[in-house]
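Just below is one structure, and these are the notes that go with it.
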Amino acid sequence: MTKKRIAVIGVGNLLLGDEGVGIHAVQYLSGLDLGDEVDIIDAAVPGPSIIYMLEGRELSIIIDCADFGGRPGEIILADSKRLALGEFKGFSLHGISLDGVLALAKELQIDVGHVLILGVQPDRIEVGIGLSESVADAIPRVVDLVKSEVTKALGKAV
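Numbered according to my numbering, the sequence shown terminates at residue 223, and the numbering increases by one at each position without gaps.
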């Protein structure tokens, strides 16, 4: 199976409240038509294996819960280049930091293309299914941001 140019990857744990926001977002996105060049991936808790989901893509957008000190439901869009410079330290892929994943890919000479991280500030991370109201309310904005970035990458509206 040939990989598509763009990957939208949701990570998280549905059993820990807002920690599952990335999974909820890709479940919503999978019902939309983003075109034939976009893979929507539910990665759950991938750890370093996410490298292989990123490999060979022009663009990957990772959606995850991220505690960056914002208001619950606030969204941050971070570029992997800024992450590599140490601007954002709160992004973790559940067992390894995202900057660690990108450094490992570079060390292994694996081309992961351009990576964007869409982080949503959680309200609660505790055992329980479902998102808090503020994080659930952020899903439409997450979807709009994903559609905007995919449109830019493809050069056509989705």
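In this text, a Cβ means the ideal position worked out from N, Cα and C, and glycines have one as well.
{"Check": "Cut-off 7 angstroms between Cβ atoms - residues of its own chain near residue 150, not counting five sequence neighbours on either side", "Outcome": "Here residue 150 scores only 49 on pLDDT, less than 50, and its place in the model is too uncertain to base an answer on."}
{"Check": "For residue 76 and residue 168, the rounded distance between their alpha carbons", "Outcome": "19 angstroms"}
{"Check": "Selected residue, minimal CA-CA separation from residue 215, among 198, 123, 200", "Outcome": "123"}
{"Check": "Identity of the residues DSSP links to residue 73 by a beta bridge", "Outcome": "105, 126"}
{"Check": "4 or more residues per run - each alpha helix (DSSP H) lying fully within the stretch 162-196", "Outcome": "163-172"}
{"Check": "Beta-carbon proximity check, residue 106 vs residue 131, cutoff 7 angstroms", "Outcome": "no"}
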